[in-house]
Amino acid sequence: MSPTPQTGNHRKPLSITLKQRFELRNKYFELSPKQKRSFYIKLISIVLSILIPIFFISFYFKVYFLAPIIFWVVLSIIASFFDMPSMIKNGKLQYESSLLISEKEKDSQITIHGGTLFDYYFVLNKDDIGKNRRNVILSEYLNGILKLVASNNEKPNLEITGTTYILNPRTVNKIGFEVQKTNPAQLIILILNYPNLVFTRSFASKFLRGKPTEHYIGEHVFRL
């Protein structure tokens, strides 16, 4: 049964059955400590192999603005590989599905986030074409939302809010959310994370897409 927005305080309990042929897993959490260390050594080595030449070129040719720009771009792209494991471990975030993440409830509101580049890298099949990847992402969004709705079915005033850069407004409305205008704080976050968003959307589509425009930006609210 698909969740449908309801208004007012009197409504029937929502019954949801989750059915999946298989469950996607984040393979990072199945790695041994040694394998995790090996992964981060490789990641840091790649980053350094990019930054060191750029810094050298920047200072040698006195193009000083180049080094901080490239550093910001690289840091934005790799940040989730360090942030996500830490925030999951300390309980600040939790997975509702392999590609949908939620924060702890606060003031009758739960904020959800789509999967990060970290999640895409360790969850998506690297052999899938872009269309299949996008279908998997949407499926995992829906699975996560259904799980979240089912686990909070007895909280009529609870709101679920989130920002998506993958789904367009028409798709968001179809899955039961109400699209709201992007606020200035979200635009600032977008600018700071622009390289990461471009790279993440490109990874999901398997080709470079450079415009996570406001067509894909908005705070999407679903009142349970």
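Heads up, the sequence shown is in this note's numbering, so the first residue is 11 and it goes up one at a time.
Glycine included, C-beta positions come from ideal geometry on N, C-alpha and C.
Buried versus exposed call for residue i [16 or more other C-beta atoms within 10 Å across all chains shown]
| i | result |
| --- | --- |
| residue 211 | buried |
| residue 100 | exposed |
| residue 53 | exposed |
| residue 132 | buried |
| residue 143 | buried |
| residue 153 | buried |
Residue from the options with nearest C-alpha to residue i
| i | options | result |
| --- | --- | --- |
| residue 171 | 153, 200, 126, 116 | 116 |
| residue 155 | 123, 71, 118 | 123 |
| residue 35 | 191, 183, 88, 105 | 105 |
| residue 98 | 143, 128, 182, 215 | 128 |
| residue 39 | 66, 165, 95, 68 | 95 |
For residue j and residue i, the rounded distance between their alpha carbons
| i | j | result |
| --- | --- | --- |
| residue 148 | residue 113 | 19 Å |
| residue 75 | residue 57 | 19 Å |
| residue 173 | residue 196 | 8 Å |
| residue 151 | residue 198 | 24 Å |
| residue 203 | residue 213 | 15 Å |
| residue 51 | residue 37 | 17 Å |
| residue 187 | residue 200 | 21 Å |
| residue 217 | residue 103 | 29 Å |
| residue 159 | residue 72 | 55 Å |
| residue 120 | residue 86 | 25 Å |
| residue 108 | residue 45 | 20 Å |
| residue 215 | residue 209 | 10 Å |
Beta carbon proximity, residue i to chain D, threshold 8 Å
| i | result |
| --- | --- |
| residue 75 | Absent here is chain D; the protein component of the structure consists of one chain. |
The ligand ADP heavy atom lying under 7 Å from the CB of residue i
| i | result |
| --- | --- |
| residue 72 | Summarising the ligand content, the structure contains no ligands, and the ligand ADP is consequently not present. |
Complete runs of the beta strand (DSSP E) confined to the region 42–123 [at least 3 residues]: 103–107, 110–113
Beta strand (DSSP E) runs wholly inside the region 145–219, at least 3 long, in chain order: 169–173, 188–190
Touching by the beta-carbon criterion (3+ pairs, under 8 Å), the region 73–88 and the region 49–64: yes
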